[in-house]
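S.K.:
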Amino acid sequence: MLTWKDIINFSVNGNPKPDRRVEKTEEEWKAILTPEQFRITRKAGTEAPHSGGLCTTYEAGKYNCVCCNTPLFDSTIKFNSGTGWPSFSQPIKENAIKYIRDTSFGMVRVEVQCNTCDAHQGHVFPDGPEPSGLRYCINSESMVLQTEEQISE
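Quick note, the sequence shown lines up with residues 1 to 153 if you use UniProt numbering.
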């Protein structure tokens, strides 16, 4: 289980190696993403709180990167943080997420990206539920839910 200490270590000393890499040009990403998905995932944007379609969804399944379809989070570790964005307490695998120190907007945060394709997902904070204490605050537009039903097909 990852802890805040692990997150800081990754953001300072380097991230775990991904299982695979997906790299495309900006034009290739624009061809497969909606304008909003492109703005958020490729330009590190964010959606307005409480506006994302996955914020209040709790179906069983996997939350995959909208860009490369890599599984990032599992529905079993999703929780209602009250922040207005889908929140998770752990990634699906240690090497699914990349951690970047973010000093934009006059504060220090840790940005989370898909470790396979570098798509911006959101940020992680040390104010989540036990036992990890982590809250991955993720944009709905950065993910696609693959339900258990779809997985078993």
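The beta-carbon is built from N, C-alpha and C at its ideal position, and this holds for glycine as well.
Tell me whether the beta-carbon of CYS114 lies closer than 8 Å to the beta-carbon of CYS55.
M.R.: The answer is no: Cβ separation not under 8 Å.
S.K.: To the nearest angstrom, report how far apart ARG42 and TYR99 are at their CA atoms.
M.R.: Each residue's alpha carbon lies about 15 Å from the other.
S.K.: Label residue 161 either buried or exposed according to how many other C-beta atoms from any shown protein chain fall within 10 Å of its C-beta, with 16 as the threshold for buried.
M.R.: Lying before the first or after the last residue shown, residue 161 is absent from the chain, which here runs from 1 to 153.
S.K.: Measuring CA to CA, which of ALA119, THR34, PRO49, VAL66 is closest to PRO86?
M.R.: Comparing Cα positions, the closest option is PRO49.
S.K.: Considering Cα atoms alone, identify which of VAL112, THR147, ARG39, PRO35 is closest to GLU94.
M.R.: Checked all of VAL112, THR147, ARG39, PRO35; the closest Cα to GLU94 is VAL112.
S.K.: Which one or two residues does DSSP pair with LEU145 in a beta bridge?
M.R.: Partner(s): TYR63.
S.K.: In the DSSP output, what is PRO71 paired with across the bridge?
M.R.: For PRO71, which the question treats as bridged, DSSP gives the partners ASN64.
S.K.: Going by the DSSP bridge assignment, what does CYS137 pair with across the sheet?
M.R.: DSSP lists SER87, HIS123 as partners of CYS137.
S.K.: Bridge partners for LYS98 per DSSP, in chain order?
M.R.: According to DSSP, which records beta bridges pairwise, LYS98 is partnered with GLN113.
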